[in-house]
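Line by line, the protein sequences are chains G and X.
For the first sequence, the positions run 1356 to 1876 when the numbering used here is used.
For the second sequence, the positions run 50 to 383 when the numbering used here is used.
Note that the Cβ used here is the ideal one computed from N, Cα and C, for glycine as well.
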Amino acid sequence: MAKVLLDPITRIEGHLSIEIDVQNGKVVDAKSKGDMFRGYEMILKGRNPVDANQITQRICGVCPAPHGIASSKCLDAAFGIRANKNGRLLRNLILTADYLQSHILHFYHLCALDYVDITSILKYNGTDKKLLAVRDWAKNELEVKKNRQDAITAVAPFLPRYEGDFYIKDQELNIAAIAHYLEALDVRLKAQQMIGIFGGRTPHMVGLVPGGVTQVPTRSAIRQYKKFLKRVEEFVNEVYFNDIIAVAKAYSDYFKIGKYTNFLSYGVFEANDELSQFFFKRGVFDGKKLQEFDSSKIREQVRFSRYNSGTNLHPYQGQTNPDPHKGGAYTWLKAPRYDGMPMEVGPLARVAISYLSGHKEVKQEVDALLKVFNADIDAVFSVLGRHASRVIECKLLCQKAYEWLDELEVGEMPRSTYEIPEKGQGEGLTEASRGALGHWIIIEDKKIANYQCVVPTTWFCGPRGDDGKLGPVEQALLGTPIADPKNPIEAARVVRSFDPCIACAVHIVEGDKEIGTFKIC
Amino acid sequence: MSLNRREFLKVMGATTAAVAFPSVLIQGCKRALQKATERTNVIWIQAQSCSGCSVSLLNKLEPDIATVITEYISLNYHQTLCGGTGHAAIQVLENAVKTNRKDFVLIVEGSIPTKSDEYCTIGEMDGRFIGAREWIQKLGANAIALVAVGSCATFGGIPGAKIRATGDNPTGATSLQKMFPDKKVINIPGCPPHPDWMVGTLLHVLLKGMPELDEYNRPLMYFGTTVHEKCERLPDYKRGRFAKHWGEEGCLYLLGCLGMDTGCDIPTRKWVGGMNTCTGCGSGCIGCTEPPFPDYGNRGIYKHLMASNDELQTLHPEIASTVVKLKNGGVING
């Protein structure tokens, strides 16, 4: 048996490492480890509740928009208000743009280098100016830096990498992918600009506040958003979609790798002014049947996490003391459980829940893709299914965003007003691009008495639960074939397909020695 | 590569740089760059970061990020962008430490935990997990220049904020400058920093040497004036028109805007290619480029200045009378 350590897992947000045991060329055990702790919730206590809106966005620079929105929603609930129509639509539009930039970044800039042979650029003999420039740069790097003492690495940051016979061999496909890597840089920037139009700036929107947003929708802002949306939509439908199909064809075994079938979705993109319906549906799937979601069934367990505090607590009752040297513990992540079960969250979970709920457009898209591969629905619950779910979401959101833009009331207030109450509590549930995100607040004396977040990466990268049952990423890694334990790219592909974001995941591991148990008041 | 004056100024971003760079100097820069075929080595370490600075860096326009990393610098290590995983990635840092390299610029994003290395580890070396603090200590001692990007690495930022009840900090998160009290660290604060600030400062260092810095070691060309001085709502302030709610027209001061205290050129530079600004979108400045962010003593980020009569006393006399008028209209929180 070979113990293989992948540390750090790069091309994700934050500090994650994975330890796997390989036996007869297959993963037989896995540990997912979060390697950073900042103590955000400790810092939040005692502050103005509205500050949480800004502070929690800094949990993650890749997905600040969902954190801002979850925080706003939990403040809305605690303040006893609801976003007005413009507020709801603008939050949806900011989140849409965030999904687009995040999914595109994830596939092209974080994952593609696991499949695409970047060195194929050296053999490029076409006429595209940008590609020629990259080729000449790479050649120059290799020539100039060969055997030179003053060169740290050549063709950085793309090399060095895992070496082996596992990259795409088709030269044309590689070149197209590299061209799209560059094009996607520009497209993701367009999506970032869309966030900026209504959010004020990005990352870390200043414009997200309780009750809605601060930016009044103007005709010119809407026009500009539409212009960028059109460009992103073209890319999603004509490039991103086809690239997913091309990678899936080249690596069809990944329909059988990284399997998982427990799914949880909080529901996202509010579809009515009562905020009770969602574009992507809310629900729970335990591998057998679809269930109604009930947030009181959420618990966090810490038997294998670096905390010596109570385990199996609801977020409102957060009680955690960090213990860096706790025996048997191997991560800064807690293990969230829904009704005692580990859950995968994220695009695949959303698509699966919507599909099972009979969402017309989602069903249409999924069935069409399955037809291309002559596969049944089971194939979706895999590494490739996760990538495909992202592009399906992008496609549907691009269509939907035009409707939301048209519904905006131009020049009208983008938010409801509020007063901070003496006491209160609230729950804010939304979906980040990488999965279910919840914030919980308790207010006393107009200040934050307790603040808890349970974030997507904790759901899927969390460790074993109190019952010793593996977390979703750990479970999904089991059975993954590893051809060369020195270059375990297969495991990296499985982990990256979840889109981990460790800054998010680890902030939740918070400790507080002053305040022990928190009861729901 | 070659860079004419116009292109160079584009890189530096906007007009302040035009003043800072007479054309005769540009010629020298050009030669320097041409000579430096081996593009300056850059090692970018993320400690207790959220990666927001890196995301902001990717939002660089004119030149775009692909141009920056293929033409201007050699980005030898950057965790979010590098092709390698695990040992294939970390060997870059390991080699740099073990061979005692002294020929790279070290950029740090995120604060550095000092209470325990366990609070942030990056890979392993010789069978031992290595803390971000240790990497930074070892690499920083040899680097030709130390650059802190973002408010966490420059001043501690949010991970370095105080626990209100105790005044303590959970992880002992500190800034790059505090790790190297005897060295000059160039600070590019902001949460996130504008990509022009990062690329512009870096190129200034590579081409022309140290830019002129203020008392917090921030480049004056970007942080030398306050948000208030450049604010698109300055005429409102001068006419005494103050917004009572977010989203309204008028100066945002009474809503707690920190523009008067914050050195930053965002109102004219604008975010993501001219899309919007913090003050323009109606929210106001949250003071993220200043050392006290986000604590501001016990003030915090948002402080509605109409909350109490006591605070009224502390207001600038020039606007106090307006505040009283507004107060009669009655706004408490936002």
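| Item | Value |
| --- | --- |
| Nearest to X:Leu-283 by CA position, among X:Leu-269, X:Lys-293, X:Glu-120 and X:Tyr-302, is which residue? | X:Tyr-302 |
| Closer than 8 Å between beta carbons: that is the criterion. Which residues of the region 106–123 of chain X meet it against chain G? | Leu-107, Asn-108, Leu-110, Asp-113, Ile-114, Ala-115, Ile-118, Thr-119, Glu-120 and Ser-123 |
| Would you call the CB atoms of G:His-1535 and G:Asp-1472 closer than 7 Å? | no |
| Closer than 7 Å between beta carbons: that is the criterion. Which residues of the region 188–218 of chain X meet it against chain G? | Ile-207, Pro-208, Ala-210, Ile-212, Arg-213 and Ala-214 |
| Can you look up X:Trp-184 in the DSSP assignment and give me helix, strand or coil? | helix |
| Are there 16 or more other CB atoms within 10 angstroms of the CB of X:Leu-155, so buried, or fewer, so exposed? | buried |
| Span of the beta strand (DSSP E) holding G:Gln-1830? | No beta strand (DSSP E) contains G:Gln-1830, which is instead part of the alpha helix (DSSP H) from 1827–1832. |
| With DSSP as the reference, identify every bridge partner of G:Gln-1646, one or two as the case may be. | G:Val-1639 |
| Hey, out of G:Cys-1816, G:Pro-1843, G:Tyr-1806 and G:Gly-1562, whose CA is closest to G:Ala-1357's CA? | G:Pro-1843 |
| Under a CB-based cut-off of 7 Å, is X:Pro-241 close to chain G? | yes |
| Would you mind telling me which residues of chain X sit closer than 8 Å to G:Asn-1676, beta carbon to beta carbon, in chain order? | Residues of chain X passing the Cβ test: none, with the nearest at roughly 11 Å. |
| Check the DSSP bridge columns for X:Glu-173 and list the partner residues they point to. | X:Phe-178 |
| So does the region 1815–1835 of chain G actually touch the region 1415–1429 of chain G, counting three or more Cβ pairs closer than 8 Å? | no |
| Note down, in chain order, each residue of its chain lying with its Cβ closer than 7 Å to the Cβ of X:Cys-169, except the 5 sequence neighbours on either side. | Ala-96, Gln-97, Pro-162, Gly-180 and Ala-181 |
| Would you kindly work out how many angstroms separate the C-alpha atoms of X:His-243 and X:Trp-320, rounded to a whole number? | 7 Å |
| Between which two residues does the alpha helix (DSSP H) containing X:Ile-212 stretch? | Neither: X:Ile-212 is in no alpha helix (DSSP H) and is coded neither H nor E. |
| So if I threshold CB-CB distances at 7 Å, which residues from the region 1838–1849 of chain G count as touching chain X? | Ala-1847 |
| From the beta carbon of X:Cys-131, is the nearest beta carbon of chain G less than 7 Å away? | yes |
| Mind checking if G:Thr-1508 is an interface residue toward chain X, Cβ cutoff 7 Å exclusive? | yes |
| Output, in chain order, the set of chain G residues within a Cβ distance shorter than 9 Å of X:Phe-153. | Ile-1507 |
| Take G:Val-1721 and list the residues in its own chain whose beta-carbon comes closer than 6 Å to its own, dropping the five residues that flank it on each side. | Tyr-1710 |
| Whole angstroms is fine: what's the gap from X:Thr-328's alpha carbon to X:Glu-339's? | 16 Å |
| Could one say the Cβ of G:Gly-1416 lies closer than 7 Å to chain X's Cβ atoms, at least one of them? | yes |
| In terms of residues, what are the limits of the beta strand (DSSP E) holding G:Thr-1785? | 1778–1787 |
| Counting only Cβ-Cβ distances shorter than 7 Å, please list the residues of the region 155–179 of chain X near chain G, keeping chain order. | Ser-165, Glu-167, Tyr-168, Cys-169, Thr-170, Ile-171, Gly-172 and Glu-173 |
| Between which two residues does the alpha helix (DSSP H) harbouring G:Ile-1837 extend? | That residue, G:Ile-1837, is in no alpha helix (DSSP H); it is neither H nor E in DSSP. |
| May I ask you to list, following chain order, the residues of the region 273–306 of chain X that have a beta carbon less than 7 Å from some beta carbon of chain G? | His-294, Trp-295 and Gly-296 |
| Give the straight-line distance between the Cα atoms of G:Val-1359 and X:Asp-166, rounded to the nearest whole angstrom. | 23 Å |
| Could you give the distance in angstroms between the alpha-carbon of G:Ile-1414 and the alpha-carbon of G:Ile-1398? | 12 Å |
| Does the Cβ-Cβ distance between G:Ala-1493 and G:Ile-1476 come in under 7 Å? | yes |
| Can you look up G:Tyr-1580 in the DSSP assignment and give me helix, strand or coil? | helix |
| Are the C-beta atoms of G:His-1458 and some chain X residue less than 7 Å apart? | no |
| By alpha-carbon positions, which one of G:Ala-1787, G:Gly-1817 and G:Gln-1807 ends up nearest to G:Pro-1419? | G:Ala-1787 |
| For X:Met-150, go through chain G and note every residue whose CB falls closer than 8 Å to its CB, in chain order. | One point to set straight first is that residue 150 of chain X is Arg, not Met, in the sequence displayed. Ile-1507, listed in chain order. |
| I want to verify the contact list: residues of chain G whose CB lies under 9 Å from the CB of X:Tyr-126, in sequence order. | Ile-1507, Thr-1508, Ala-1511 and Pro-1512 |
| Counting only Cβ pairs nearer than 9 Å, list the residues of chain G close to X:Pro-12. | This structure gives no information on residue 12 of chain X, because the portion of chain X shown stretches from 50 to 383. |
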